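*Asks:* Sending over a structure as structure tokens; questions will come in a sec.
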Amino acid sequence: MSINEEIISLLKKSLLSATTKGRIPEVGLLDIQLDYPKRQEYGNISTNIAFSIAKKIRTSPYAVAQIIIESIEKTGGLISKVEIAGGGFINFWVTKERLYQVLKEIEEANESYGTSNIGQGKKVLIDFVSANPTGPLHVGHGRSADYGDILANILAFCGYKVTREYYINDIGTQMKTLGESLKIRYLQLLGQDVQLPDNGYKGEYLVEIARTLYKQKEDTCRNEEVEFFTNFAKDAILEDIRKTLIDFGVQYDSWFSEKELYDSKQVDEVIDSLKKVGFTYESEGALWLKTTAFGDEKDRVLIRQENNTSGRREHTYFAGDIAYHKNKYARGYDILINAWGTDHHGYIKRLEAAMSALGYPANNLMFLLCQLVSLRRDNQPVSMSTRAGEFVTLSELIKEVGKDVARFFFVMRKLNSHLEFDLDLAKQSSKENPVYYIQYVHARTCSILAKAVEKGLPQSLANQANLNLLKLDEELALIFKLASLPQEIINCAKCYEPHGLTAYLMELAGIFHNYYQHHRVISANKELSQARLVLVNAVRIVIRNTLTLLGVSAPQRM
RNA sequence: GCGCCUGUAGCUCAGUGGAUAGAGCGUCGGACUCCGGAUCCGAAUGUGGAGGUUCGAGUCCUCUCAGGCGCGCCA
13 MSINEEIISL LKKSLLSATT KGRIPEVGLL DIQLDYPKRQ EYGNISTNIA FSIAKKIRTS
73 PYAVAQIIIE SIEKTGGLIS KVEIAGGGFI NFWVTKERLY QVLKEIEEAN ESYGTSNIGQ
133 GKKVLIDFVS ANPTGPLHVG HGRSADYGDI LANILAFCGY KVTREYYIND IGTQMKTLGE
193 SLKIRYLQLL GQDVQLPDNG YKGEYLVEIA RTLYKQKEDT CRNEEVEFFT NFAKDAILED
253 IRKTLIDFGV QYDSWFSEKE LYDSKQVDEV IDSLKKVGFT YESEGALWLK TTAFGDEKDR
313 VLIRQENNTS GRREHTYFAG DIAYHKNKYA RGYDILINAW GTDHHGYIKR LEAAMSALGY
373 PANNLMFLLC QLVSLRRDNQ PVSMSTRAGE FVTLSELIKE VGKDVARFFF VMRKLNSHLE
433 FDLDLAKQSS KENPVYYIQY VHARTCSILA KAVEKGLPQS LANQANLNLL KLDEELALIF
493 KLASLPQEII NCAKCYEPHG LTAYLMELAG IFHNYYQHHR VISANKELSQ ARLVLVNAVR
553 IVIRNTLTLL GVSAPQRM
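So the first sequence is residues 13 to 570, counted in the numbering used here.
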């Protein structure tokens, strides 16, 4: 049990004892909130439980707090002091002995320190990035990729069974346009005077793909159908996307093709199901879904009006997406997470409506919207147009600032905030750059541990060292910070927000650097050195585990 | 026009309805015979505006101002 769990358990026992003795009326189930106070004089952990109880039974928070702490068990070696402050806050101080125990736990758990089981094996599908294969990933996709991957890491750490999935929109109007655009680029290479239409893909990358095609097949493709070019472009672009994501440290468990949903008739089937439940109708030559029945602003089209040029009735993207989500449910996931760009927010209602129409529970279908990213260089916003000399692709960003920096910067902000990526700061290799500041702690701890070996100090194991020697305030604060990692991770998992971990790392790094600056780890006092080496090793493990969750490397030397 | 999101320090942003609102950058001033100076210590600056709910509001509600995004039989 973690320290937080132990305190919650103490509080529950205390409340139970107080209510059975009739000192506090029965108040029903309470969600006990613990907090890490900002000020040292408020202890290690505090709770506002007395305020919530006082509100329900209309009495003073101070009186309730008084009763609670009188009923609290003070044996058990967890708490050294309990106080009431600020009119009803209950503040706890954790014993040194319990903190030393944490050092042992960290050493023993090693790579798995920070894990928990709040997920209880529930299956989660995270669908993220899923950019159309019509061009390279840009920096906005980078943020989604970073977010989705880190969220997946965190949920896995918390005991969920996680699948990372990329949904490929490999069919439909855009794919056709892509094929047409490539064909024109190819024919241009052959010297033909043909121009891209206004809606064509104008990016330089398609010219390069045309060159690749020419290298492979020379001029033998001039009479191929558009579909041939679509496939060639799609494969080349998907390969580029995959490679960029791997360079970024993001690996998917599953790549899901929209086209296969059509080929295997799953789209037709889901439309039949929707017809059967009576939520569809024909109008103006199209098939509509009555999403307004579920709170959408207007009804949405599933199958489009007959197209003049193709003479066919084509499905909308929406139709495919309904089949896709039905398929996700059918695969037995408990939680479906869609990490989308904020520009898709208008689309959420209609998809929820469709799933409700099919009878699926809406509450385990999550939409997490990722706000836009802007770049800043030389204190100026960088234009996001594809003008020459100004990068916009994720791949270029990785080349310029490095994977570690890019990943850390993308996750520093709350998902819902606009993110301004400061390239100048990102490229500084000094303390100004938070990534190096944190990685430096890891390198430093490794270096200290190596120095200890060099000096012939025996291998320091927590259960062999005399940890009682760690009694400085800085040391106890450092250990307490290490002790709070599992709870920090749980908090991130509960609200699907990983950015708290960057703040955690900054704080931990600050405490450590300060400690290091003022106290020698390895000194003439061998026993003390041993104890401090255990602490340093624990810091190393916590920094490494947290950076790993963030997809950032933990270098031993820098 | 309608809908969603965002307004917190000079800049970029944290901040589960709780205690004296924090961090990084930038600015200014300091610290090294040492286990890594890619480090450390110190200083200044405040919630867009108006009401309301509450014992308590940056956080919840209403209005207002400013910015972003969306409002296709595109995806």
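Note that CB positions come from ideal geometry on N, CA and C, so glycine has one too.
Values in this document were obtained by computation on a predicted structure and should not be read as measured data.
For the stretch 434-509, list the alpha helix (DSSP H) runs that are entirely contained and at least 4 residues long, ordered along the chain.
*Replies:* 435-439, 446-466, 485-495, 497-507
*Asks:* May I ask you to report which of helix, strand or coil DSSP gives Arg312?
*Replies:* strand
*Asks:* Regarding Lys506 and the ligand NAP, is the C-beta to nearest heavy atom distance less than 7 Å?
*Replies:* As for the ligand NAP, it is missing from this structure, which has no ligand bound.
*Asks:* With DSSP as the reference, identify every bridge partner of Asp139, one or two as the case may be.
*Replies:* Glu177, Asn350
*Asks:* On a Cα-Cα basis, can you pick out the residue from Glu509, Ser459, Pro393 that is closest to Leu167?
*Replies:* It is Glu509 whose Cα lies nearest to the Cα of Leu167.
*Asks:* Taking only the alpha-carbon atoms, compute the straight-line gap between Thr303 and Lys493 and give it to the nearest angstrom.
*Replies:* One C-alpha to the other measures close to 49 Å.
*Asks:* With distance defined between alpha-carbon atoms, name the residue in Cys382, Leu225, Lys426 nearest to Phe241.
*Replies:* Of the listed residues, the one whose Cα sits closest to Phe241 is Leu225.
*Asks:* If you check the beta carbons only, do Thr59 and Ile44 fall under 8 Å apart?
*Replies:* yes
*Asks:* Can you tell me the Cβ-Cβ gap for Arg552 and Thr457, rounded? I've got them flagged as a contact below 8 Å.
*Replies:* 4 Å between Cβ atoms; contact.
*Asks:* Taking Cβ positions, are Gly160 and Val141 nearer each other than 8 Å?
*Replies:* yes
*Asks:* With 16 other CB atoms within 10 Å as the buried threshold, where does Asn165 fall?
*Replies:* buried
*Asks:* How would you write the range of the alpha helix (DSSP H) that Phe63 sits in, first residue to last?
*Replies:* 61-69
*Asks:* Can you grab the Cα-Cα spacing for the pair Asn478 / Met378, in whole Å?
*Replies:* 49 Å
*Asks:* Bridge partners for Phe379 per DSSP, in chain order?
*Replies:* Asn350
*Asks:* Take Asp259 and list the residues in its own chain whose beta-carbon comes closer than 8 Å to its own, dropping the five residues that flank it on each side.
*Replies:* Ser407, Ile410, Lys415
*Asks:* Three or more beta-carbon pairs under 8 Å between the stretch 249-259 and the stretch 143-163, yes or no?
*Replies:* yes
*Asks:* Assign Gln204 to buried or exposed, taking buried as 16 or more other Cβ atoms, counted over all protein chains shown, within 10 Å of its Cβ.
*Replies:* Answer is exposed; the Cβ neighbour count stays below 16.
*Asks:* Kindly confirm or deny that the stretch 68-82 and the stretch 108-118 touch, where touching means at least three C-beta pairs closer than 8 Å.
*Replies:* no
*Asks:* Whole angstroms is fine: what's the gap from Leu437's alpha carbon to Tyr449's?
*Replies:* 12 Å
*Asks:* How is Asp416 classed by DSSP in three states: helix, strand or coil?
*Replies:* helix
*Asks:* Assuming contact is defined by CB atoms lying nearer than 8 Å, are Val576 and Leu513 in contact in what I supplied?
*Replies:* The requested residue 576 is not part of the displayed model; the chain covers only 13 to 570.
*Asks:* Closest to Lys467 by CA distance: which of Leu286, Arg324, Gln186, Lys538 is it?
*Replies:* Lys538
*Asks:* With a 10 Å radius around its C-beta and 16 neighbouring C-beta atoms as the bar for buried, classify Asn445 as buried or exposed.
*Replies:* That one is buried.
*Asks:* With H, G and I counted as helix, E and B as strand and the rest as coil, what does DSSP make of Glu364?
*Replies:* helix
*Asks:* Out of Ala418, Gly522, Val548, Pro49, state which residue places its alpha-carbon closest to the alpha-carbon of Ile534.
*Replies:* Val548
*Asks:* Let me know the secondary structure DSSP gives Phe306 once reduced to three states.
*Replies:* helix
*Asks:* By DSSP, does Phe330 sit in helix, in strand, or in coil?
*Replies:* helix
*Asks:* Using alpha carbons as the reference points, say which of Val394, Phe433, Met424 lies closest to Val413.
*Replies:* Phe433
*Asks:* Run the CB neighbour count on Glu216, radius 10 Å, all protein chains shown included, and call it buried at 16 or more, exposed below.
*Replies:* With fewer than 16 other beta carbons inside 10 angstroms of its own, Glu216 counts as exposed.
*Asks:* Determine the direct distance from the alpha carbon of His511 to that of Gly563, and round the result to whole angstroms.
*Replies:* The straight-line gap from Cα to Cα measures roughly 13 Å.
*Asks:* From Lys463 to Ser541, what distance separates their C-alpha atoms?
*Replies:* 12 Å
*Asks:* Relative to the C-alpha of Ala97, which residue among Leu111, Lys86, Ala75 is closest?
*Replies:* Ala75
*Asks:* Please name the residue in Leu380, Ser395, Glu487, Ser124 whose C-alpha comes closest to that of Leu348.
*Replies:* Leu380
*Asks:* Using the three-state DSSP reduction, which class does Ser26 fall into: helix, strand or coil?
*Replies:* helix
*Asks:* Let me know if Met177 comes out buried or exposed under the rule of 16 or more other beta-carbons within 10 Å of its beta-carbon.
*Replies:* The question names Met, but residue 177 is Glu in the sequence shown. Label assigned to Glu177: buried.
*Asks:* Just how far apart, CA to CA, sit Leu559 and Phe422?
*Replies:* 14 Å
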